[in-house]
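A.B. asks:
Numbering (my numbering), first residue to last: 86 to 269.
#1: Given this structure, state the Cα-to-Cα distance separating residue 207 from residue 187, to the nearest angstrom.
#2: Of the residues 95, 250, 178 and 242, which one's Cα is nearest the Cα of residue 265?
#3: Given a threshold of 16 other Cβ atoms within 10 Å of its Cβ, counted over all protein chains shown, does residue 194 qualify as buried or as exposed?
#4: Grouping DSSP H, G and I as helix and E and B as strand, with all else coil, what is residue 202?
#5: Work out the CA separation of residue 215 and residue 100 for me, nearest whole Å.
#6: Taking residue 176 as part of the alpha helix (DSSP H), name the residues at either end of that continuous run.
#7: Put residue 111 into one of helix, strand or coil per three-state DSSP.
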């Protein structure tokens with residue numbers, strides 16, 4: 086399925102399953118790229134809720150000796166306390182794998198308060214912060230207080246040129262995308 090989505094536009098596709106369904110198929114996190122990744126790894130969070138949660142980490146050499154670190158994550162939906170522990174684990178990985186530029190994307194499930202985003206105050210936010218909040222979770226859910234749960238985060242040395250949200254009939258999430266400039 087991922088190769089079908091990637092099509093001919095993307096050279097590489099990475100999938101990390103978190104659930105396998107009894108009637109076939111898998112659920113997880115996927116990243117696609119038109120550029121060749123130097124490295125790829127997937128890590129399972131040590132603290133999770135009902136479902137296993139992971140993050141993917143890819144590096145790309147954008148210019149000689151200068152790397153982009155790209156993270157894709159899906160945090161637990163259950164509680165802010167679980168998510169805070171997962172964010173701490175993710176940020177620890179960021180510090181031990183330094184790159185010139187960082188981009189973190191994903192479903193952060195920060196659905197109880199915008200205050201949960203303060204854990205990433207050292208990053209630029211494409212959803213919220215200096216930009217307007219955009220609800221990216223489209224399904225009704227009485228347990229949620231906030232529906233802007235997906236984001237694209239960058240280090241301050243990345244220029245955010247454009248941000249857009251596209252609703253989808255194929256998912257309970259809208260597609261949030263951004264055009265970024267790494268000023269190479």
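Ideal placement from N, C-alpha and C gives every residue a C-beta, glycine not left out.
C.D. replies: This is what the structure gives:
#1: 11 Å
#2: 242
#3: buried
#4: Here residue 202 sits in helix by DSSP.
#5: Whole-angstrom Cα-Cα distance: 32 Å.
#6: 165 to 181
#7: strand
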